[in-house]
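Residue numbers (this note's numbering): 27 to 266.
In this text, a Cβ means the ideal position worked out from N, Cα and C, and glycines have one as well.
In this text, all values refer to a predicted model and were calculated from it rather than measured experimentally.
Inspection log for the structure reproduced underneath, given as structure tokens.
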């Protein structure tokens with residue numbers, strides 16, 4: 027598999043007046059295209075900061091970050107926005123859907139920033155179909171269950187056909203059954219070739235991935251393949 031991400035001695039610190047807070051202390055690893063990786067750690071471990079840097083939401087302090095073999099360590103804000111809009115899809119715990127807006131229009135939103143969006147209707151319909159929500163296409167977001175809202179968020183992350191999807195605590199606001207159904211969709215997308223990075227503090231959720239990078243106190247504690255990862259079967263019925 028081709029290398030998608032490579033970070034070398036990545037460090038991040040925040041400065042507020044004379045106070046310096048060091049969050050990442052020299053992180054190095056690589057992720058190949060098509061992997062399903064969980065970045066796991068307790069609150070305050072640095073995992074969210076790492077995700078923000080990898081997702082071009084924040085800049086590193088020192089070190090190197092290569093994305094598709096391009097050194098992205100010193101991008102301008104406009105260049106970071108380009109990567110963020112066209113290479114990355116985000117799924118957050120809070121869904122972040124537009125209220126009182128249809129499923130179709132929520133999923134379509136990222137395409138409004140695309141330079142050459144192509145057939146928008148076709149792309150939106152395919153993304154909605156990928157998360158088994160065709161029957162909800164014209165429903166408003168406030169008419170959906172929590173699990174359906176998260177599936178809309180996944181469809182929105184997919185619609186631009188990004189190189190990488192980040193799922194940040196995607197089951198945190200869901201019950202265990204609905205959360206399992208969301209993990210099933212992420213696993214199926216990975217089987218279709220999508221690179222998925224799951225960010226979580228929960229060991230059980232992380233074990234749905236095929237590799238776990240454990241972060242603690244701003245350092246990598248361990249990096250290993252999951253030999254018996256949790257598999258959600260296609261036969262498991264999705265909530266409608």
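Compare the beta carbon distance of residue 194 and residue 66 with 8 Å and say whether it is the shorter of the two. Along the chain shown, read from residue 1 onward, the residue named residue 194 stands at position 168. Along the chain shown, read from residue 1 onward, the residue named residue 66 stands at position 40. No.
Provide the residue span of the beta strand (DSSP E) that contains residue 39, from first to last. Taking the first residue of the chain shown as 1, we reach residue 39 at position 13. 29 to 42 is the extent of the beta strand (DSSP E) around residue 39.
So is residue 218 buried or exposed if we call it buried at 16+ other beta carbons inside 10 Å? Taking the first residue of the chain shown as position 1, residue 218 is located at position 192. Within 10 angstroms of the beta-carbon of residue 218 lie fewer than 16 other beta-carbons, which makes it exposed.
Please report the Cβ distance between residue 252 and residue 238, rounded to the nearest whole angstrom; I am assuming they are in contact, meaning their Cβ atoms lie under 8 Å. Within the chain shown, residue 252 is the residue found at index 226, counting from 1. Within the chain shown, residue 238 is the residue found at index 212, counting from 1. Contact flag correct, Cβ pair sits at about 6 Å.
Just to confirm, are residue 70 and residue 36 a CB contact at a threshold of 8 Å? Start at 1 with the first residue of the chain shown, and residue 70 comes out as number 44. Start at 1 with the first residue of the chain shown, and residue 36 comes out as number 10. At a Cβ-Cβ threshold of 8 Å, residue 70 and residue 36 do not count as neighbours.
Applying the criterion that 16 or more other CB atoms from any shown protein chain within 10 Å of the CB defines a buried residue, is residue 116 buried or exposed? For this step, residue 116 is matched to residue 90 along the chain shown. Its Cβ being crowded by 16 or more others within 10 Å, residue 116 is buried.
Beta bridge counterpart(s) of residue 146 as assigned by DSSP: For the purposes of this step, residue 146 is taken as the residue at position 120 of the chain shown. Answer by DSSP bridge pairing: none, since residue 146 is not bridged.
DSSP state of residue 78 mapped onto helix, strand, coil: By 1-based counting over the chain shown, the position of residue 78 is 52. DSSP places residue 78 in the helix class (H, G or I) of the three-state scheme.
Along the chain, where does the alpha helix (DSSP H) containing residue 231 start, and where does it finish? Within the chain shown, the letter at position 205 stands for residue 231. Residue range 229 to 232 is occupied by the alpha helix (DSSP H) that includes residue 231.
Delimiting residues of the alpha helix (DSSP H) encompassing residue 247: Your numbering for residue 247 matches position 221 in the chain shown. First-last for residue 247: 245 to 251, but that is the beta strand (DSSP E), not the alpha helix (DSSP H).
Sheet register partners of residue 96 (DSSP bridge): Translated into the one-based positions of the chain shown, residue 96 becomes position 70. Bridge partners of residue 96: 93.
Can you tell me whether residue 198 is helix, strand or coil according to DSSP? Within the chain shown, the letter at position 172 stands for residue 198. Three-state result, residue 198: coil.
3-residue-minimum beta strand (DSSP E) runs that sit fully inside the region 153 to 208, ordered along the chain: As far as the region 153 to 208 is concerned, its whole beta strand (DSSP E) runs of at least 3 residues are 190 to 194.
Hey, would you say residue 211 sits closer than 8 Å to residue 180, going by beta carbons? Residue 211 sits at position 185 when you count from the first residue of the chain shown. Residue 180 sits at position 154 when you count from the first residue of the chain shown. Yes, the Cβ-Cβ distance between residue 211 and residue 180 is below 8 Å.
How is residue 237 classed by DSSP in three states: helix, strand or coil? Against the chain shown, residue 237 aligns to sequence position 211. DSSP places residue 237 in strand when its eight states are reduced to three.
Just curious, the beta strand (DSSP E) that residue 130 is in, first and last residue? Sequence index remark: in the chain shown, residue 130 carries index 104 (1-based). Note, residue 130: premise wrong, no beta strand (DSSP E); alpha helix (DSSP H) at 129 to 134.
Count the other CB atoms within 10 Å of the CB of residue 250; is the residue buried (16 or more) or exposed (fewer)? Along the chain shown, read from residue 1 onward, the residue named residue 250 stands at position 224. Answer is exposed; the Cβ neighbour count stays below 16.
Have a look at 133, 123, 235 and flag the residue whose alpha-carbon is nearest the alpha-carbon of residue 254. One-based indexing of the chain shown puts residue 254 at position 228. Distance check between residue 254 and each of 133, 123, 235 places 235 closest, using alpha-carbon atoms only.
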